[in-house]
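See below for the structure under consideration.
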Amino acid sequence: MRKFRTAVVAGVAVALFALSACAGQASKDKEEADKKKEEVGDYVMEQDKDVPEGLLADAVKDGKLVVGVKPDQPLIGEKKGSTYEGFDIEMAKLLGMRLFGKGGEEKVEFKETTSDNREAFLNSGEVDVVIASYSMYPDRVKQFSFAGPYLFTGQNALVSAENKDIKTIDDLAGKKVCIAKGSGSIDNLKKENPKAKIETRANYGDCAAQVKDGTFDAVSTDETILYGYKSQDKEAFRILDSSENFTDEPYGIGMKKGNDAAKDYINEMIKAAYENEDWDKAFELTFGAAGMEKPEYPEIGKITSD
3 MRKFRTAVVA GVAVALFALS ACAGQASKDK EEADKKKEEV GDYVMEQDKD VPEGLLADAV
63 KDGKLVVGVK PDQPLIGEKK GSTYEGFDIE MAKLLGMRLF GKGGEEKVEF KETTSDNREA
123 FLNSGEVDVV IASYSMYPDR VKQFSFAGPY LFTGQNALVS AENKDIKTID DLAGKKVCIA
183 KGSGSIDNLK KENPKAKIET RANYGDCAAQ VKDGTFDAVS TDETILYGYK SQDKEAFRIL
243 DSSENFTDEP YGIGMKKGND AAKDYINEMI KAAYENEDWD KAFELTFGAA GMEKPEYPEI
303 GKITSD
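Here the sequence shown stands for residues 3 to 308, where the numbers follow the numbering used here.
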């Protein structure tokens with residue numbers, strides 16, 4: 003009985019130590035984030051009261067803007083406790099400030115979306131807009147209204163750091179590759195490398211975890227998303243050289259089809275963020291803090307790199 007009690011006490015001690023370590027890391031992360039925010043400075047986005055009738059005017063009337071975001075993509079959209087972080091989250095806050103004025107970021111309500119349900123959420127009105135690494139593919143632009151792009155990237159692949167065999171996208175032939183269900187990255191990879199053995203999971207967080215445990219050889223999607231997972235565990239993952247990027251991924255802010263006035267309003271917000279450098283601040287708070295080099299501002303309405 004004494005041995006049993008000793009084992010229980012030891013187990014509890016280990017658990018408490020682990021919880022303390024997690025709490026300590028969380029506190030350290032918050033301190034670093036607060037320091038970075040102080041260095042970058044506050045946003046200066048000003049309110050534009052000339053809000054067009056329809057989608058955005060209704061949001062102003064309701065006193066909130068409902069934005070569909072990803073909860074599992076580090077640096078882009080990630081839920082931590084009851085709050086969200088990432089570049090997409092910062093863009094949503096800037097839109098809130100543009101619509102509601104000072105403190106408008108507090109009137110943005112975030113709703114978790116996945117690659118598989120974000121379009122259904124738009125069509126049903128469950129969200130007003132989607133800001134969720136949502137690429138402005140030509141077929142999507144025909145079905146939905148898009149403002150932007152506000153960020154440009156390309157599809158690549160992430161593998162285990164120990165994997166020395168996969169150096170190019172061609173090397174994915176015959177390999178097990180994970181992609182989130184409903185993502186456009188599936189068709190992209192099928193076209194680029196038809197011999198890759200693609201399987202889907204609910205989200206990219208699951209994909210990254212299963213590359214780490216050896217279930218998959220790689221995960222393929224936008225380089226920005228991959229960079230987020232690598233930033234969480236730099237020793238575990240390796241991303242193929244950027245020269246291997248094989249698609250154009252212009253991130254846009256999606257709305258239900260027909261919201262052209264809202265699209266124009268949000269495009270003006272993005273342009274204002276370029277001019278007042280709020281966009282730069284959003285980048286430095288997220289991708290920049292992880293060591294990524296700041297890209298050029300995307301050209302509004304342009305959805306290819308050509």
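No residue lacks a Cβ here, since even glycine has one placed at the ideal position from N, Cα and C.
- Given LEU287, which residues of its chain have a CB within under 7 Å of its CB, disregarding the five upstream and five downstream residues? LYS38, LYS39, VAL42 and GLU92
- Under three-state DSSP, which class holds LEU160? strand
- Item | Identified DSSP bridge partners for ILE241 | LEU160
- Message: Going by beta-carbon coordinates alone, are VAL71 and THR115 separated by less than 8 Å?
- Response: yes
- Message: Less than 8 Å between the beta carbons of VAL53 and LEU101, yes or no?
- Response: yes
- Query: Counting along the chain, where does the beta strand (DSSP E) carrying LEU67 start and finish?
  - Reply: 67 to 71
- Message: With the cut-off set at 8 Å, would you say LYS113 and VAL129 are in Cβ contact?
- Response: yes
- Task: Give the straight-line distance between the Cα atoms of ALA182 and PHE285, rounded to the nearest whole angstrom.
- Result: 25 Å
- Message: Measuring only the C-alpha atoms, how far is PHE148 from GLU295?
- Response: 26 Å
- Whole-angstrom distance between GLY127 and MET99, CA atom to CA atom: 22 Å
- Might you give, ordered along the chain, the residues of its own chain that have their beta carbon closer than 8 Å to the beta carbon of LYS304, omitting 5 neighbours on each side? PRO151 and PRO252
- Query: What are the residues that DSSP puts in a beta bridge with LEU153?
  - Reply: TYR253
- Message: Only counting the same chain, and skipping five residues up and downstream in sequence, which positions put a Cβ closer than 7 Å to that of ASP167?
- Response: ASP173
- Assign VAL143 to one of three DSSP states: helix, strand, or coil. helix
- Could you name the residues of the same chain whose beta carbon sits closer than 7 Å to that of LYS197, not counting the 5 residues immediately before and after it, in chain order? ALA175 and GLY176
- Query: Could you give the C-beta distance for GLY256 and LEU124, rounded to a whole number, given that I count them as a contact under 8 Å?
  - Reply: 6 Å
- Task: Identify whether ILE268 lies in helix, strand or coil by the three-state DSSP scheme.
- Result: helix
- Exposed unless 16 or more other CB atoms sit within 10 angstroms - verdict on LYS193: exposed
- beta strand (DSSP E) containing ASP280: first to last residue? ASP280 -> not in any beta strand (DSSP E); alpha helix (DSSP H) instead, spanning 280 to 287.
- Task: Answer with buried or exposed for SER185, where buried requires no fewer than 16 other C-beta atoms within 10 angstroms of its C-beta.
- Result: buried
- Span separating the alpha-carbon of GLU87 from that of ARG120: 19 Å
- Message: Please tell me whether LYS81 and PRO73 are closer than 8 Å, where the distance is taken between their beta carbons.
- Response: yes
- Per DSSP, what kind of secondary structure is ASP224 in: helix, strand or coil? strand
- Item | Environment of GLN157 [buried if 16+ CB atoms lie within 10 Å] | buried
- Figure out for me which residue from ASN195, ILE200 and VAL161 has the closest Cα to the Cα of VAL179. ILE200
- Query: Cα-Cα, which of ILE227, ALA204 and GLU164 is closest to GLU237?
  - Reply: GLU164
- Query: Would you report the Cα separation of ASP44 and GLY105, rounded to the nearest angstrom?
  - Reply: 12 Å
- Using three-state DSSP, classify GLN49 as helix, strand or coil. coil
- Quick one, which of VAL62, ALA210 and GLY254 has its alpha-carbon nearest ASP235's? ALA210
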